[in-house]
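Worksheet: the structure to be examined is printed underneath.
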Amino acid sequence: MKNIQVGIIGGAGYTAGELVRLLINHPQAELNFVYSTSNAGNKISKIHQDLVGSLDLEFTDTVNPDVDVLFLCLGHGNSVKFLSENSFSQNTKIIDLGNDFRLEDDKVFNGKTFVYGLPELQRETIKNANYIANPGCFATAIQLGLLPLANAGLLNEDVHINAVTGATGAGTSLSATSHYAWRDNNFSYYKPFTHQHLGEINQSVKQLQNGFDSDILFMPNRGNFSRGIFATLYTDFSGSVEEAKALYTEFYKDAEFTFVSDDELHLKQVVNTNKCLIHLHKHNGKLLITSIIDNLLKGASGQAVQNMNLMFGLEETTGLNLKATYF
Numbered sequence: 001m002k003n004i005q006v007g008i009i010g011g012a013g014y015t016a017g018e019l020v021r022l023l024i025n026h027p028q029a030e031l032n033f034v035y036s037t038s039n040a041g042n043k044i045s046k047i048h049q050d051l052v053g054s055l056d057l058e059f060t061d062t063v064n065p066d067v068d069v070l071f072l073c074l075g076h077g078n079s080v081k082f083l084s085e086n087s088f089s090q091n092t093k094i095i096d097l098g099n100d101f102r103l104e105d106d107k108v109f110n111g112k113t114f115v116y117g118l119p120e121l122q123r124e125t126i127k128n129a130n131y132i133a134n135p136g137c138f139a140t141a142i143q144l145g146l147l148p149l150a151n152a153g154l155l156n157e158d159v160h161i162n163a164v165t166g167a168t169g170a171g172t173s174l175s176a177t178s179h180y181a182w183r184d185n186n187f188s189y190y191k192p193f194t195h196q197h198l199g200e201i202n203q204s205v206k207q208l209q210n211g212f213d214s215d216i217l218f219m220p221n222r223g224n225f226s227r228g229i230f231a232t233l234y235t236d237f238s239g240s241v242e243e244a245k246a247l248y249t250e251f252y253k254d255a256e257f258t259f260v261s262d263d264e265l266h267l268k269q270v271v272n273t274n275k276c277l278i279h280l281h282k283h284n285g286k287l288l289i290t291s292i293i294d295n296l297l298k299g300a301s302g303q304a305v306q307n308m309n310l311m312f313g314l315e316e317t318t319g320l321n322l323k324a325t326y327f
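Residue 1 is where the sequence shown starts when you use the UniProt record's numbering, and the numbers rise one by one after that.
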């Protein structure tokens, strides 16, 4: 099989940088171009400085419309604009890392139907797709924590969620809450109960449990670390913790990157990997679910490469056997 020719749009951001790092070590992929109008002509390693000595490619402000796959790493809402202004071959597969096409009402654009790209939910559909809406980072961690219960029809009460994300979740553009001096030794919440990822979370839960009509109450938080998401969820559950573990283990028995752990979790277990780890704890009538991921990998670029592998008939883990940054 010839190498997959890859184009990346929005090449200067965190998710694009992670894609470049993954793809230059992917045995079946080749970077054809990395598009960034603000950095055109500069070496990619000038922005992503850990790539000095690993990559000699420059950013470009032109696109190759015939690449095999295109990754869109644009700010939310900008993928529609870019695809309206730029045309690509009918054979070019597209993976959008933004939120433009994740919801059912938005999935069809200019004759292209985008499939929601959570492999643990619809791996077989992804294999036959040409256009993928990559899930959000919080949405990935939360859905992987909830889907086994939804699949069993056991989400019948409100779900309470508290999740913390690292600073890279806010992107590279500076704001009042992303400066080091503000973020260091600090903690805050934002968008309480209204985070934009709730739409896709509810959509996936109802895909498996159509009658779900309770509330998902989500409190997103900013942590004073660089990367990772630590999510805790709890809801009513009448069974034992052993029954819950059996349910989750069965649901994820064929998942390449999602695992149920008997031990309590911490973020260093998943940072710099494409894994999601889940831990279950029962207290009185409540099931506590802990779900942890790296927001830039399983929550974005790693999952995008996972989807690319599925779309091109490759082993799902190709290029994604990564080592955790444990110390």
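By construction, the Cβ of each residue, glycine as well, lies at the ideal position given by its N, Cα and C atoms.
As the structure is a prediction and not an experimental result, all values here were calculated from the model.
> So L22 and V305 are in contact, right, with Cβ under 8 Å, and what is the actual spacing, rounded?
Replying inline: 5 Å
> What are the boundary residues of the alpha helix (DSSP H) that includes N309?
Replying inline: S301 to M311
>> With a threshold of 8 Å, are at least 3 pairs of Cβ atoms found where one atom belongs to the stretch 68-81 and the other to the stretch 42-52?
In response: no
>> Cutting at 7 Å between CB atoms, please list the residues of its own chain near P148, excluding the five before and the five after it.
In response: Non-local C-beta neighbours of P148 in its own chain, meaning closer than 7 Å and more than five positions away in sequence, comprise L247, Y248 and F251, ordered along the chain.
>> Are the CB atoms of G166 and N225 within a distance shorter than 7 Å?
In response: Residue identity check: residue 225 is Phe in the sequence provided, not Asn. Closer than 7 Å, so yes.
> When you compare each of L83, S87, T325 and N3 to K268 by their alpha carbons, which one comes out closest?
Replying inline: T325
> If D61 sits next to A40, beta carbons under 8 Å apart, how far is it from one beta carbon to the other, in whole angstroms?
Replying inline: 4 Å
>> What residue range does the beta strand (DSSP E) around G7 cover?
In response: I4 to I9
> Taking C-beta to C-beta, are F296 and T140 nearer than 7 Å?
Replying inline: Looking at the sequence provided, one finds Leu at residue 296 rather than Phe. Not in contact: L296 and T140 (Cβ atoms no closer than 7 Å).
> Does the Cβ of P135 have 16 or more other Cβ atoms within 10 Å, making it buried, or fewer, making it exposed?
Replying inline: Here P135 is buried: its Cβ has 16 or more other Cβ atoms, across all protein chains shown, within 10 Å.
> On the three-pair Cβ rule with 8 Å, is the stretch 223-243 touching the stretch 91-102?
Replying inline: No, the stretch 223-243 does not touch the stretch 91-102.
> Using CA coordinates, which residue listed in F33, D56, T37 and D106 is at the minimum distance from V80?
Replying inline: D106
> Taking C-alpha atoms, which residue in M308, T317 and K323 lies nearest to K127?
Replying inline: M308
> Using the rule of at least 16 other Cβ atoms within 10 Å of the residue's Cβ for burial, across every protein chain shown, is D213 buried or exposed?
Replying inline: exposed
> How about N86 and V63: are their beta carbons less than 7 Å apart?
Replying inline: yes
>> Buried or exposed for Y116, going by 16 or more other Cβ atoms inside 10 Å?
In response: Per the 10 Å Cβ criterion, buried.
>> For Q5 and A133, I'd like the C-alpha separation in whole angstroms.
In response: Rounded to whole angstroms, Q5 to A133 spans 20 Å at the Cα level.
> Given that a residue counts as buried once 16 or more other Cβ atoms are within 10 Å of its Cβ, and exposed if not, what is P119?
Replying inline: buried
> How long is the line joining the alpha carbons of G11 and N32, rounded to whole angstroms?
Replying inline: 12 Å
>> Contact defined as beta carbons within less than 8 Å: I believe A300 pairs with E18. What is the distance between those atoms, to the nearest angstrom?
In response: 7 Å
> Is any beta-carbon of chain C found at less than 7 Å from that of E264?
Replying inline: Absence of chain C from the displayed structure is noted, only one protein chain being present.
>> L277 and S261 - do their beta-carbons sit closer together than 7 Å?
In response: yes
> Just how far apart, CA to CA, sit D184 and G228?
Replying inline: 16 Å
> Can you tell me the Cα-Cα spacing of P27 and N3, whole angstroms?
Replying inline: 8 Å
> Are H197 and F109 closer than 7 Å when you measure CB to CB?
Replying inline: no
> How about L70 and T92: do their beta carbons lie closer than 7 Å?
Replying inline: L70 places its beta carbon less than 7 Å from that of T92.
> CB of E315 to nearest heavy atom of the ligand GDP: below 6 Å?
Replying inline: Looking for the ligand GDP in the displayed structure turns up nothing, as the structure carries no ligands at all.
> Excluding five sequence neighbours on each side, which residues of the same chain lie with their C-beta closer than 8 Å to the C-beta of G319?
Replying inline: L22, L23, N25, H26, P27, Q28, A29, V305 and N309
> Under a three-way DSSP split, which group does K43 fall into?
Replying inline: strand
>> Which residues does DSSP list as the beta-bridge partners of T290?
In response: T232 and H279, per the DSSP bridge assignment.
>> Please identify the residue among A16, Q203 and S178 whose C-alpha is closest to the C-alpha of N186.
In response: With distances taken between CA atoms, N186 lies nearest to S178 out of A16, Q203 and S178.
> If you count every other CB in all the chains shown that lies within 10 Å of the CB of M311, and 16 or more means buried, which is it?
Replying inline: buried
> Under a three-way DSSP split, which group does residue 329 fall into?
Replying inline: Only positions 1 to 327 of the chain appear in this structure, which leaves residue 329 out of reach.
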